[in-house]
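Those protein sequences? They're chains E and F, same order as listed. Quick note on this note's numbering: the first sequence kicks off at 90 and runs consecutively. Quick note on this note's numbering: the second sequence kicks off at 90 and runs consecutively. Please read the structure below before turning to the comments.
Protein chains: 2
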Amino acid sequence: MKTTPEQDHDAAAAGPDAGLGTRERIVRAASRLMQRQGYEGTGIKQISREANATLGSVYHFFPGGKQELATEAIRHGDREFAGMLRTALESRPDPAEAVAAAAALVAADLRASDWLDGCPVTATSLGAAANAPGIRSAAAEAFERWRGLVHDRLLAAGFAAQDAHELAHTVINTLEGAELTAQIARSEEPLLIAGRHLARLIDSYR
Amino acid sequence: MKTTPEQDHDAAAAGPDAGLGTRERIVRAASRLMQRQGYEGTGIKQISREANATLGSVYHFFPGGKQELATEAIRHGDREFAGMLRTALESRPDPAEAVAAAAALVAADLRASDWLDGCPVTATSLGAAANAPGIRSAAAEAFERWRGLVHDRLLAAGFAAQDAHELAHTVINTLEGAELTAQIARSEEPLLIAGRHLARLIDSYR
DNA sequence: ACCCCTCTAGAACGAACGCTCTATCTAGTG
DNA sequence: CACTAGATAGAGCGTTCGTTCTAGAGGGGT
């Protein structure tokens with residue numbers, strides 16, 4: 090039963106992922122849980138339960154086990170955050186204001202989740218990074234993609250290539266650090282300050 | 090046997106913690122291991138083994154179990170980083186240069202550990218933060234102390250109170266995020282860029 | 001009708017987990 | 001010497017871990 094996503098009418102009864110294919114439900118559950126509990130803190134059985142899938146399905150789709158699943162979860166978080174970042178960067182004609190808007194958006198999302206959903210890549214990759222090169226490289230690619238979005242936005246606004254390269258680094262890193270502090274302190278302030286400072290820093294390069 | 094630190098002649102045979110009291114050895118081992126593997130990724134038995142202590146000793150000194158031990162480990166990492174930060178901030182007469190020096194110092198330490206030792210507080214508190222309020226508050230206090238050091242340094246250099254408050258936030262958060270990226274990318278570049286940008290940002294407030 | 005391949009289902013394995021427990025050892029005190 | 005408190009020692013508790021394994025359900029092709 091339930092071989093195609095469309096026939097999955099009763100999957101994840103109350104979840105927002107109902108109607109999705111089994112594989113996709115597993116990836117989303119893994120991403121969400123690892124974002125909140127970290128790699129080691131999340132069990133495969135918990136993931137399969139949350140995804141309304143069985144252990145057999147998990148290992149069918151991810152024969153590489155927990156590490157492969159974590160890699161896919163990081164990629165999912167990567168795409169998710171990249172989408173939000175792209176939207177925010179395009180929301181304002183001025184790139185400095187756009188970065189500040191991105192910071193405010195991250196802050197609002199974090200608060201909306203009751204300070205539970207921090208950076209999906211960070212939490213997943215932190216403990217296991219040393220052991221599993223696949224996980225670490227997936228995380229590195231995520232950061233690289235996000236920097237690329239900022240970089241391209243700055244280039245389009247007329248910034249020099251070298252400045253855009255360095256600013257992209259600091260924009261992403263500062264957002265990352267501020268989100269972490271905001272999560273632990275349960276306050277939007279670090280992210281809002283970061284937004285203002287990043288805008289100021291970007292403006293100083295015109 | 091081995092009741093006082095001084096008589097602990099054969100403890101931790103090859104370790105640098107030899108000669109310390111049992112309690113202190115346990116805290117240091119916990120701090121180092123959780124820094125690298127996270128809270129859930131580190132077992133109590135591994136800590137006791139690494140500290141040349143027994144399980145009984147661990148629960149004797151930390152009857153609150155793993156959570157109490159993690160709280161103490163975070164406080165240890167807090168003091169450790171605060172010491173380094175204070176040294177760096179006092180190393181230059183100019184506060185902007187001092188912050189850049191701190192970033193370079195963090196980068197050098199990170200590379201020296203083969204990219205293994207990231208922020209001791211972050212890794213320990215990330216997964217378990219939601220469940221254990223004691224752990225989260227210890228982490229929040231650590232960040233607050235570090236911000237305080239930067240804040241006081243800026244005040245002493247004549248910055249306005251509000252500017253110093255906000256700059257302290259961003260200095261710590263950017264260092265935090267840049268260290269994370271540097272660790273994952275195995276490159277000092279993010280931290281060196283962060284140092285330059287933070288100096289530039291500080292200078293813009295004069 | 002048949003096979004075949006994809007996917008679901010969950011019992012079972014050995015290992016490791018956090019923690020409790022009792023027993024022993026040491027140093028200090030009278 | 002006896003007594004006590006602090007510290008060490010590790011076997012063992014029940015649980016959960018990641019993973020493997022076999023069995024079966026569903027649908028399409030011939």
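Ideal placement from N, C-alpha and C gives every residue a C-beta, glycine not left out. Computed from a prediction, not measured in an experiment: that's the story for all the values here.
Closer than 8 Å to chain F by CB, Ala-228 (chain E): Proximity of Ala-228 (chain E) to chain F, defined by a Cβ-Cβ separation below 8 Å, is satisfied.
Inter-residue spacing [alpha-carbon to alpha-carbon] between Glu-255 (chain E) and Ile-282 (chain F): When rounded, the separation of the alpha-carbon atoms in Glu-255 (chain E) and Ile-282 (chain F) is 6 Å.
Gly-237 (chain E), enclosing alpha helix (DSSP H) - first and last residue: Segment 222-245, the alpha helix (DSSP H) holding Gly-237 (chain E).
Cα-Cα separation between Gly-110 (chain E) and His-165 (chain E), rounded to whole angstroms: In this model, Gly-110 (chain E) and His-165 (chain E) are separated by some 15 Å (Cα to Cα).
Beta-carbon spacing of Gly-223 (chain F), Gln-156 (chain F) below 8 Å: Yes, the Cβ-Cβ distance between Gly-223 (chain F) and Gln-156 (chain F) is below 8 Å.
Test item: CB-CB of Gly-216 (chain F) and Gly-154 (chain F) under 8 Å: Cβ distance not < 8 Å, so Gly-216 (chain F) and Gly-154 (chain F) don't count as in contact.
Cα-Cα separation, Ala-159 (chain F) to Leu-244 (chain E): Approximately 45 Å, taken between the alpha carbons.
CB contact flag (Cys-208 (chain E), Glu-268 (chain E), <8 Å): A contact, by the Cβ cut-off of 8 Å.
For Arg-117 (chain F) and Ala-187 (chain F), believed in contact at Cβ under 8 Å, the rounded distance: The distance from the Cβ of Ala-187 (chain F) to that of Arg-117 (chain F) is about 28 Å, inconsistent with a contact at the 8 Å cut-off.
Cβ-Cβ distance between Arg-114 (chain F) and Ala-142 (chain F) below 8 Å: Yes; because the gap between Cβ atoms is below 8 Å, this pair is in contact.
CB contact check: Gln-156 (chain E) to chain F, cutoff 8 Å: No, its Cβ sits nowhere closer than 8 Å to a Cβ of chain F.
Beta-carbon proximity check, Ile-291 (chain E) vs Ala-229 (chain F), cutoff 8 Å: In this structure, Ala-229 (chain F) does not lie closer than 8 Å to Ile-291 (chain E) by Cβ.
Simplified DSSP assignment, three categories, for Phe-248 (chain E): Residue state, collapsed to three classes: coil.
Within chain E, partners of Gln-258 (chain F) - CB distance below 8 Å: Here the sequence assigns His to residue 258 (chain F), which means Gln is not the residue at that position. The contacting residues are Ala-267, Thr-270, Glu-278, Pro-279, Ile-282 and Ala-283.
Test item: CB-CB of Ile-163 (chain F) and Ala-227 (chain F) under 8 Å: For Ile-163 (chain F) and Ala-227 (chain F), yes; Cβs fall inside 8 Å.
Helix, strand or coil at Lys-91 (chain E) [DSSP, three-state]: For Lys-91 (chain E), the pLDDT reaches just 37, beneath the cut-off of 50, and the residue's location in the model is therefore unreliable, although a value from the coordinates is still provided. Correct three-state label for Lys-91 (chain E): coil.
Gly-266 (chain E) versus Thr-263 (chain F) - alpha carbon distance: Going from the Cα of Gly-266 (chain E) to the Cα of Thr-263 (chain F) covers about 6 Å.
Chain F residues whose Cβ lies nearer than 8 Å to that of Glu-67 (chain E): Nothing about residue 67 (chain E) can be read from this structure; chain E reaches only from 90 to 295.
Distance between Ala-246 (chain E) and Gly-108 (chain E) (C-alpha atoms, nearest Å): Pairing Gly-108 (chain E) with Ala-246 (chain E), the inter-Cα distance amounts to about 41 Å.
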